[in-house]
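Have a look at the structure below before the remarks.
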Amino acid sequence: MVVGAGRDWPTAQEAVLKIREGAHLPAAAHHTEQLLHGHLAAVDERVRAYVLEGEGRAAERARDAVRALEILGCETTLVPTAHPVVDIVRFQLLTVDLAERRGVDPDRIHRDDPRWASAAAAHGSTG
113 MVVGAGRDWP TAQEAVLKIR EGAHLPAAAH HTEQLLHGHL AAVDERVRAY
163 VLEGEGRAAE RARDAVRALE ILGCETTLVP TAHPVVDIVR FQLLTVDLAE
213 RRGVDPDRIH RDDPRWASAA AAHGSTG
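Residue numbers (this note's numbering): 113 to 239.
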């Protein structure tokens, strides 16, 4: 899971899209406040989390989220943020690393498997 708020919320959403498409792994983006007020119920030691630090109040709540996730046994990384354009690069590199470990081509978005190629063709998407 990738958690973020404010200007980091789009980064969280894009990060999980990269992981899903490139490494073929389930991933979910959660807004920090939504995570703290409900989504924690679905978290345990099997979940891996990246919490985008943000600035100001968002940074305070990000640290609260990290504490809560760690209490639940979730492996968690607080990710320093600078700017969304820069911050997404970390997740692009993570996706490449995960894809290599899994033996998949991160650029194919699963289109090298006939089932996914057919599914994409069924709704007019080729790439």
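Virtual Cβ for every residue (Gly too), placed ideally from N, Cα, C.
For residue 177, the enclosing alpha helix (DSSP H) starts and ends at 168-183. Excluding the 5 residues flanking it on each side, residue 211 has same chain C-beta neighbours closer than 6 Å at 134, 135, 218, in chain order. Cβ-Cβ separation between residue 189 and residue 170: approximately 16 Å, too far for a contact (criterion under 8 Å). With respect to residue 130, residue 207 sits close: the two C-beta atoms are nearer than 7 Å. The Cβ-Cβ distance between residue 128 and residue 141 falls below 7 Å. Distances from the alpha-carbon of residue 139 to those of 157, 115, 149, 235 put 115 closest. In the DSSP assignment, residue 216 falls outside any beta strand (DSSP E) and carries neither an H nor an E.
Here DSSP, grouped into helix, strand and coil, assigns residue 126 to helix. Within the region 127-158, the runs of beta strand (DSSP E) that reach at least 3 residues and sit entirely inside it are, in chain order, 141-143.
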